[in-house]
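See structure below.
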Amino acid sequence: MAAAKITVKSRSYAKILLHAAKYPHCKVDGLLIGKLTNNGRDALATDAIPLFHTSHGLTPMLEIALSQAEAYAESQKLSIVGYYQANEQLSESHTPDAFAIKIADRILSCCKYCSLMMVDNCKVSLSCQEDALVCYNNIEGKWKKDSQYSLEHPNETLPALAKLMTGKAYKNLKDFDNHLDDISVDWLNISINKQITEAM
């Protein structure tokens, strides 16, 4: 289903940007989970699950990550509602590559809803003055840039993220790659969630 509109909550947004900040010379990606609204046409992304900074394209790792993320979302009565990607910050491009499109198509086929969120590296900074996400939705079978996206409470979210960036909270963020290296690692980032709540 093509999205009518996706709203990204503060926690989701912060974790996407912290993931990109932790690995500025790597492509990073992850999932958005949340609730469908408006009879399944719209989505509210309540959380983000950072996936990879090195294992892009490794199908077995991806399948494991998607399976575990979907199981976690269902346990919280939520759904996967999107996929995000940040290209290497040396690249200014926020155009989805073939890998991003493949994953978004995969999510759309099994979850019946997906927005593809790309990070605009030109807008990533410690001061966090601008919303750095660019939304793409599947329109008539093609992923196209779409204005039907909003960041919830940007006047609160952006200053809170600036505090987290300045305090180097990104050092504490873990992704699924880290979990694959050490299964004791908390890839759901409960401690980061707490830091984000406190910063707000």
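Numbered by this note's numbering, the letters in the sequence shown go through residues 287 to 486 in order. Using N, Cα and C, we set each Cβ at its ideal position, and we do this for glycine too.
query: Which ranges would you report for the alpha helix (DSSP H) in the segment 287-369 if only whole runs of at least 4 residues count?
result: 296-308, 345-361
message: Please state whether the Cβ-Cβ distance between Cys421 and Ile292 is less than 8 Å.
response: Translated into the one-based positions of the sequence shown, residue 421 becomes position 135. Translated into the one-based positions of the sequence shown, residue 292 becomes position 6. Yes, these two residues count as a Cβ contact at 8 Å.
message: With three or more beta-carbon pairs closer than 8 Å as the criterion, would you say the segment 317-324 touches the segment 359-374?
response: yes
- prompt: Anyone know if the C-beta pair for Val471 and Ile302 falls short of 8 Å?
  reply: Here residue 471 is taken as the residue at index 185 of the sequence shown, counted from 1. Here residue 302 is taken as the residue at index 16 of the sequence shown, counted from 1. For Val471 and Ile302, no; Cβs fall outside 8 Å.
- request: Consult DSSP for Gln481 and reduce its assignment to one of helix, strand or coil.
  value: By one-based count along the sequence shown, residue 481 stands at place 195. If DSSP states are grouped into helix, strand and coil, Gln481 belongs with the helices.
- prompt: How would you write the range of the alpha helix (DSSP H) that Asn464 sits in, first residue to last?
  reply: As a working mapping, residue 464 is identified with position 178 in the sequence shown. Element bounds for Asn464: 462-467.
- prompt: Can Ala351 and Phe462 be called in contact, C-beta distance under 8 Å?
  reply: Working through the sequence shown from its first residue, we reach residue 351 at position 65. Working through the sequence shown from its first residue, we reach residue 462 at position 176. Yes. Within cutoff.
message: Would Asp328 and Arg297 be called neighbours here (beta carbons separated by less than 8 Å)?
response: Locating residue 328 in the sequence shown gives position 42, where the first residue counts as 1. Locating residue 297 in the sequence shown gives position 11, where the first residue counts as 1. Going by C-beta atoms, Asp328 is not nearer than 8 Å to Arg297.
query: Can you list the alpha helix (DSSP H) stretches of 4 or more residues lying completely in the segment 372-428, in chain order?
result: 384-397
- request: Thinking Tyr299 and Thr483 are a contact (beta carbons under 8 Å), I'd like their distance in whole angstroms, please.
  value: To locate residue 299, count along the sequence shown from 1; it is residue 13. To locate residue 483, count along the sequence shown from 1; it is residue 197. So it is not a contact: roughly 13 Å between Cβ atoms.
- request: Return the residue from the list Cys312, Leu364, Gly427, Gln354 that minimises the CA-CA distance to Leu322.
  value: In the sequence shown, counting from the first residue as 1, residue 322 sits at position 36. Minimum Cα distance to Leu322 is reached at Leu364.
task: Would you please state the rounded distance, in angstroms, between the beta carbons of Glu356 and His311? I believe it to be under 8 Å.
output: Counting from 1 along the sequence shown, the entry for residue 356 is found at position 70. Counting from 1 along the sequence shown, the entry for residue 311 is found at position 25. With a Cβ gap of about 30 Å, Glu356 and His311 do not count as contacting.
Rounded C-alpha distance that separates Ser361 from Ile335: Against the sequence shown, residue 361 aligns to sequence position 75. Against the sequence shown, residue 335 aligns to sequence position 49. For Ser361 and Ile335, the distance between alpha carbons rounds to 14 Å.
field: Exposure label - Leu330; buried when at least 16 CB within 10 Å
entry: As a first step, residue 330 must be located in the sequence shown, where it is residue number 44. Counting Cβ neighbours within 10 Å, Leu330 comes out buried, since at least 16 surround it.
- request: With DSSP collapsed to three states, give me the class of Lys457.
  value: One-based indexing of the sequence shown puts residue 457 at position 171. Reduced to three states, the DSSP call for Lys457 is helix.
query: When the Cα of Asn407 is compared with those of Ser401, Cys400, Lys480, Ala418, which residue comes out closest?
result: Within the sequence shown, the letter at position 121 stands for residue 407. Of Ser401, Cys400, Lys480, Ala418, the residue nearest in Cα terms is Ala418.
task: Please report how far the alpha carbon of Asn324 lies from the alpha carbon of Lys308, in whole angstroms.
output: On the sequence shown, position 38 is the one that residue 324 refers to. On the sequence shown, position 22 is the one that residue 308 refers to. Those two C-alpha atoms are separated by around 35 Å.
query: What whole-angstrom Cβ distance do Gln481 and Ala455 have, given they're in contact under 8 Å?
result: Indexing the sequence shown from 1 puts residue 481 at position 195. Indexing the sequence shown from 1 puts residue 455 at position 169. 5 Å between Cβ atoms; contact.
- prompt: Where does Leu437 sit, in a helix, a strand or coil, going by DSSP?
  reply: Translated into positions along the sequence shown, residue 437 becomes position 151. Note: Leu437 maps to strand in three-state DSSP.
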